[in-house]
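Quick note, the working numbering runs 1318 ahead of the 1-based positions in the sequence shown. Here a beta-carbon is modelled for each residue, glycine too, at the ideal position from N, C-alpha and C. Report on one structure; see the data block that follows.
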Amino acid sequence: MQTFSVKAFGTEAPETDLEQMIIDRREVTAKDVEIDILFCGVCHSDLHTARNEWHGTIYPNVPGHEIVGRITKVGDSVNKFKIGDLAAVGCMVDSCRECEQCKHGSEQYCENGNIQTYNGHDVHLNKQTFGGYSERIVVDEDFVLRVPENLDLAATAPLLCAGVTTWSPLKHWKIGSGHKVGIVGIGGLGHMGVKLAKAMGAHVVVITTSPSKVEDAKRLGADEVILSTDKEQMRANYNTLHFILDCVSAQHDVNAYLRLLKVDGTLALVGAPEHPLPIAAFSLIPARKNFAGSTIGSIKETQEMLDFCGEHNITADIELINIQDINTAYERLLKGDVKYRFVIDMTSLKN
Ligand code: NAP
Ligand code: ZN
Ligand code: ZN
1319 MQTFSVKAFG TEAPETDLEQ MIIDRREVTA KDVEIDILFC GVCHSDLHTA
1369 RNEWHGTIYP NVPGHEIVGR ITKVGDSVNK FKIGDLAAVG CMVDSCRECE
1419 QCKHGSEQYC ENGNIQTYNG HDVHLNKQTF GGYSERIVVD EDFVLRVPEN
1469 LDLAATAPLL CAGVTTWSPL KHWKIGSGHK VGIVGIGGLG HMGVKLAKAM
1519 GAHVVVITTS PSKVEDAKRL GADEVILSTD KEQMRANYNT LHFILDCVSA
1569 QHDVNAYLRL LKVDGTLALV GAPEHPLPIA AFSLIPARKN FAGSTIGSIK
1619 ETQEMLDFCG EHNITADIEL INIQDINTAY ERLLKGDVKY RFVIDMTSLK
1669 N
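Structure representation (structure tokens):
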């Protein structure tokens, strides 16, 4: 298979910084498009993977799954895109397309494992996939999204993971008006969860460990804010929420948040800390509570979310960085010190 080289940023081992490297991309095949990457968001999953916190990272690792750019080449059978179009890629670049989940459009739950944008198995080149911290990417058009033209492009990038990962569970649990929804952990995912749940008509309650986010959460659309380190504030809100989306990246006591749910309420985890989270039986039993999880979203859901954000003028709150600042950005991410998503300006890699 024909390949070409591009500049990328990645890491060779869990404990080393990310640095510039050269990777190969395949030349477009019939159904592929080549995208010149303009912006790429920085998800906490990038950090978990680069540092092998979930185990199973294949090195070198080039993270990045919040990709927006412009189409520079199309294969002979491509019909959704033409050269010059804006396009986006999220967390998946393919799936088996044959299993029950793929057949009814839930590729994220592919029974044979969807192919992740990075650290997945590249079936074309028979090695690991490389993500969006790179100049260009080549992807089958079926896994490429259309981008609303009216949105700021850099602030659109985080929709591709943080947006759809919060959109999908909110839709699955049919969140709308009449629901009181808690969003725990106001980082990249959490702040998108607040904006989307509010736009869906829910009453949104932010639950944060950061005093500096209390006022700001209201600007994002929160109706109420609970500082979770204040036991009195937590106690005053026991048994009040229908649904909680837990977007926390680190170890935390889920039992404390389950107390906020009403009878039959659901806490869905999207945050994926390195270590298991202990659940007390009596956090669930007495009020028939549900403890659930959700992963990213399908291609169809991702497009629906992007179109919805276009209509409602919703984007992420971002801090634009050069790729050379990625290691400092990871350290700040660990401290919760970003309002609310780092996005890499990819011209910094190209120049
Ligand atoms: P992030 O920007 O770093 O946000 C995480 C937030 O969690 C922080 O801003 C902080 O919010 C809160 N937090 C951090 N440490 C905490 C602690 N010890 N106790 C309580 N709260 C704490 O991360 P992200 O990019 O939004 O990702 C969040 C998690 O979702 C990561 O684990 C990521 O890997 C995972 N993820 C999962 C999926 C999926 O498909 N399920 C997709 C993407 C990402 P406050 O300051 O408000 O407390
Ligand atoms: Zn992500
Ligand atoms: Zn499948």
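- Approximately 6 angstroms separates the beta-carbon atoms of leucine 1579 and leucine 1585; this is inside 8 angstroms, confirming the contact.
- Every beta strand (DSSP E) stretch that sits fully inside the segment 1510–1563 and reaches 3 residues is listed by chain position as 1521–1526 and 1542–1545.
- Assignment of beta-bridge partners to leucine 1638 by DSSP yields Val1661.
- DSSP places isoleucine 1341 within a strand segment (E or B) once states are collapsed to three.
- Of the residues assessed, glycine 1505 falls on the buried side of the cut-off, its CB having 16 or more other CB atoms within 10 angstroms.
- Beta-bridge annotation (DSSP): alanine 1326 is paired with Met1339 and Ser1452.
- For the pair threonine 1633 and alanine 1473, the CB atoms are nearer than the 8 angstroms cut-off.
- Proximity to glycine 1496 across Lys1516, Gly1628 and Val1482 peaks at Lys1516, based on C-alpha coordinates.
- Glutamine 1446 is bridged by DSSP to His1439.
- The residue from Val1411, Ile1501 and Phe1448 with its alpha-carbon nearest to that of leucine 1463 is Val1411.
- Counting other Cβ atoms within 10 Å of its Cβ, threonine 1483 reaches 16 or more and is therefore classed as buried.
- Around isoleucine 1433, the same chain offers Met1410, Val1411, Asp1412, Ser1413, His1439, Asp1440, Val1441 and Thr1447 as residues with beta carbons nearer than 8 angstroms, after the five sequence neighbours per side are excluded.
- When DSSP states are grouped into helix, strand and coil, isoleucine 1597 belongs to the coil group.
- Distances between the C-beta of glutamine 1569 and the heavy atoms of ligand 1 include at least one below 7 angstroms.
- Ligand 1 never approaches glycine 1408 closely enough for any of its heavy atoms to be under 7 angstroms from the residue's Cβ.
- The bridge partners DSSP lists for leucine 1404 are Arg1388.
- Contact annotation, glycine 1539 with cysteine 1565: C-beta distance approximately 15 angstroms; criterion of less than 8 angstroms not satisfied.
- Histidine 1570 and glycine 1328 have their alpha carbons spaced roughly 29 angstroms apart.
- For ligand 2, the residues with a Cβ under 5 angstroms from any of its heavy atoms are, in chain order, Cys1361, Ser1363 and Cys1479.
- Exclusion of the five residues before and after valine 1512 leaves Ile1501, Ile1504, Val1522, Val1524, Ala1535, Leu1538, Gly1539 and Ala1540 as the residues of its chain whose Cβ lies within less than 8 angstroms of its Cβ.
- Distance from the C-beta of threonine 1347 to the nearest heavy atom of ligand 1 is not below 7 angstroms.
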